[in-house]
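Trainee:
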Amino acid sequence: MSKNKELFRVILAVSIIIVGVTHFVVPEQYVKIVPPQLPYPLGLVYLSGFYEILGGIGLLVPPVSQAAAWGLFVLFIAVYPANINMAVNLIKVDHIPNSPWVHVVRLPLQAVLLAWAWWYTKPSDKEKQASLIPKSLIPKELEW
Numbered sequence: 022m023s024k025n026k027e028l029f030r031v032i033l034a035v036s037i038i039i040v041g042v043t044h045f046v047v048p049e050q051y052v053k054i055v056p057p058q059l060p061y062p063l064g065l066v067y068l069s070g071f072y073e074i075l076g077g078i079g080l081l082v083p084p085v086s087q088a089a090a091w092g093l094f095v096l097f098i099a100v101y102p103a104n105i106n107m108a109v110n111l112i113k114v115d116h117i118p119n120s121p122w123v124h125v126v127r128l129p130l131q132a133v134l135l136a137w138a139w140w141y142t143k144p145s146d147k148e149k150q151a152s153l154i155p156k157s158l159i160p161k162e163l164e165w
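Here the sequence shown is numbered in the working numbering, starting from 22 and rising by one per residue.
Okay, here's the thing in structure tokens:
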């Protein structure tokens, strides 16, 4: 199971980094779904994109991967109102079909992301953990 867990860690990390980058490349797609009650929608889009990139990178750095997973877990909860707003108001976003059925399926998939991030808040087999940093370069004080 540990090998699969590490593979899925990399998949989540890379996926969330890509999504985070799109917050800066095509922010208007995300601004559209920010609930109108929230101030500074563009700023919130950039902020969530920044934390998605940071969380994705953090998942791949063993000394901080659990903290990054917690951060992503909280972030996925924080952005859920935008997903609800998109579904309730059938807001059209490029590359996502604008159908009530798509939203009915898409909203519960957010729970899958939450569970996925939650999985990494628990310790892994440290020797098999995916990492951007060679273990030999991690100072002893930061060893996991």
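Beta carbons are placed, not taken as given, at the ideal position from N, Cα and C, and that holds for glycine.
1) Ignoring anything shorter than 4 residues, give me the alpha helix (DSSP H) runs that lie fully in the segment 61-118, in order along the chain.
2) Determine the extent of the alpha helix (DSSP H) in which Leu-28 is found, giving its start and end residues.
3) Residue range of the alpha helix (DSSP H) that Leu-128 falls in?
4) Can you say whether Phe-97 is buried or exposed, counting buried as having 16 or more other CB atoms within 10 angstroms of its CB?
5) Do Tyr-61 and Gly-92 have their CB atoms nearer than 8 Å?
6) May I ask you to verify whether the segment 74-82 touches the segment 34-41, counting CB pairs closer than 8 Å and requiring at least 3?
7) From Leu-111, Ala-90 and Ser-120, pick the residue whose C-alpha is nearest to that of Phe-31; which is it?
8) By alpha-carbon positions, which one of Leu-59, Lys-113 and Tyr-51 ends up nearest to Tyr-67?
Mentor: Reading from the atomic positions:
1) 62-80, 86-99 and 101-109
2) Residue numbering aside, residue 28 sits at position 7 when the sequence shown is read from its first letter. Element bounds for Leu-28: 23-46.
3) Here residue 128 corresponds to residue number 107 of the sequence shown, with the count starting at 1. Here the alpha helix (DSSP H) through Leu-128 covers 121-140.
4) For the purposes of this step, residue 97 is taken as the residue at position 76 of the sequence shown. Buried, since its Cβ has 16 or more Cβ neighbours within 10 Å.
5) If you number the sequence shown from 1, residue 61 lands on position 40. If you number the sequence shown from 1, residue 92 lands on position 71. Not closer than 8 Å, so no.
6) yes
7) Numbered from 1 along the sequence shown, position 10 holds the residue referred to as residue 31. First, the residue type needs correcting, since residue 31 is Val and not Phe in the sequence shown. That would be Ala-90, whose Cα lies nearest to the Cα of Val-31.
8) If you number the sequence shown from 1, residue 67 lands on position 46. Checking every option, the nearest Cα to that of Tyr-67 belongs to Tyr-51.
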